[in-house]
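Residue numbers (the working numbering): 8 to 375.
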């Protein structure tokens with residue numbers, strides 16, 4: 008597996024995307040990069056430091072680009088406003104519905120639906136604990152929570168576009184924040200825990216192990232403490248090939264700790280067995296690709312942590328695409344070599360016949 012991984016990566020163990028993704032990646036802005044560290048026999052990864060992302064590795068943006076474009080077009084529209092009715096679906100079964108009428112052009116209804124929760128999570132009206140308070144704190148100046156929400160959706164906001172700041176830069180920032188509604192809702196419990204971490208305290212009503220939803224019927228776990236917060240991800244993959252690639256991908260994190268600029272990175276562990284914090288309360292199905300644990304002052308990485316599985320899954324798919332491209336090129340090269348090695352029997356025979364005819368004609372002319 009080490010040889011297979013090295014064949015599909017560049018120097019330093021950095022993953023490589025297929026060539027067709029390169030142009031898209033060049034347009035990406037630098038984003039926080041997960042850093043890595045080796046500790047004993049386990050893998051440690053640091054999520055806290057913000058570094059420049061390599062062109063071959065990306066983190067998914069927090070704002071939905073489609074949702075952002077729809078809101079911007081509504082905000083800056085100078086023509087007669089038309090009715091808007093968009094249904095958007097993101098990865099991990101998160102759905103949006105944007106609706107606006109021509110009669111009230113400045114009022115936009117924005118609804119969000121979350122994936123089916125696992126049984127270990129604790130929800131309030133289908134939302135993570137503290138989600139409503141987080142939404143009101145983030146968008147209370149320009150929106151109101153609609154009760155009850157739209158059918159088949161967990162939260163509906165009535166956004167007043169007319170109350171947006173007149174300055175274009177501030178308005179764009181607010182639109183980008185609204186387009187990150189998913190992060191605000193799903194990351195509310197983790198964000199609250201991190202606020203207590205900043206003051207080195209633990210919420211009085213906080214459990215010793217908090218399960219949070221991040222994928223359909225799958226949860227990740229938070230262990231809050233006064234000095235540190237540990238986030239644990241059970242890594243499950245449906246495809247056996249993804250299990251092999253995912254395990255190798257996660258194990259490669261420990262090599263990056265040896266890089267010169269990552270010696271002070273906070274830790275993250277990979278282990279095939281559940282951490283001690285999980286074992287005593289573990290009710291989840293055993294993962295097939297091990298456990299990943301982030302810890303030590305996570306500092307505003309709510310979005311990165313809540314989409315960590317998507318980050319790994321994305322790069323596994325890219326690595327598989329890269330391998331398929333390399334294999335196709337290798338086969339084409341071998342076919343070209345075989346074609347060049349074929350003996351040209353018919354052409355040689357034809358040349359011999361022409362030589363015999365020419366010599367015969369020459370002999371006849373000399374005899375005359």
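Glycine included, C-beta positions come from ideal geometry on N, C-alpha and C.
According to DSSP, what are the bridge partners of residue i?
i, result
"residue 97", "101"
"residue 83", "BP columns for residue 83 are empty, so no partner."
"residue 229", "217, 238"
"residue 131", "134"
"residue 92", "106"
Assuming contact is defined by CB atoms lying nearer than 8 Å, are residue i and residue j in contact in what I supplied?
i, j, result
"residue 116", "residue 163", "yes"
"residue 197", "residue 312", "yes"
"residue 226", "residue 216", "no"
"residue 202", "residue 145", "no"
"residue 104", "residue 118", "yes"
"residue 70", "residue 141", "no"
"residue 231", "residue 209", "yes"
"residue 228", "residue 236", "no"
"residue 77", "residue 91", "yes"
"residue 132", "residue 195", "no"
"residue 245", "residue 125", "no"
"residue 190", "residue 73", "no"
"residue 114", "residue 165", "yes"
"residue 178", "residue 82", "yes"
What three-state label does DSSP hand residue i in the structure shown?
i, result
"residue 163", "strand"
"residue 179", "helix"
"residue 109", "coil"
"residue 343", "helix"
"residue 75", "helix"
"residue 222", "strand"
"residue 320", "helix"
"residue 170", "helix"
"residue 200", "helix"
"residue 123", "coil"
"residue 157", "coil"
"residue 69", "coil"
"residue 244", "coil"
"residue 147", "coil"
"residue 267", "helix"
"residue 349", "coil"
Starting from residue i, trace the alpha helix (DSSP H) both ways and give me its first and last residue.
i, result
"residue 254", "247-258"
"residue 209", "Residue 209 -> no alpha helix (DSSP H), and no H or E assigned at all."
"residue 190", "188-193"
The beta strand (DSSP E) spanning residue i covers which residue range?
i, result
"residue 114", "114-120"
"residue 313", "Not the beta strand (DSSP E): residue 313 falls in the alpha helix (DSSP H), residues 309-313."
"residue 150", "150-152"
Tell me which residues share the same chain as residue i and place their Cβ nearer than 6 Å to its Cβ, disregarding the 5 neighbours each side in the sequence.
i, result
"residue 96", "102"
"residue 221", "227, 313"
"residue 188", "119"
"residue 161", "120, 121, 133, 134"
"residue 324", "none"
"residue 249", "323"
"residue 112", "88"
Excluding the 5 residues preceding and the 5 following residue i in the sequence, name in chain order all residues of the same chain whose CB lies nearer than 7 Å to its CB.
i, result
"residue 318", "66, 67"
Kindly list the residues whose CB is nearer than 8 Å to the CB of residue i, restricted to its own chain and excluding five residues on each side of it in sequence; keep chain order.
i, result
"residue 38", "With a pLDDT of 32 at residue 38, under the threshold of 50, the modelled position of this residue cannot be trusted; read the value that follows with caution. Once the five neighbours on either side are set aside, the close Cβ partners of residue 38 are 60, 65, 66, 68."
"residue 87", "109"
Would residue i count as contacting chain D if we go by Cβ distances under 8 Å?
i, result
"residue 204", "Among the protein chains of the structure shown there is no chain D, as only one such chain exists."
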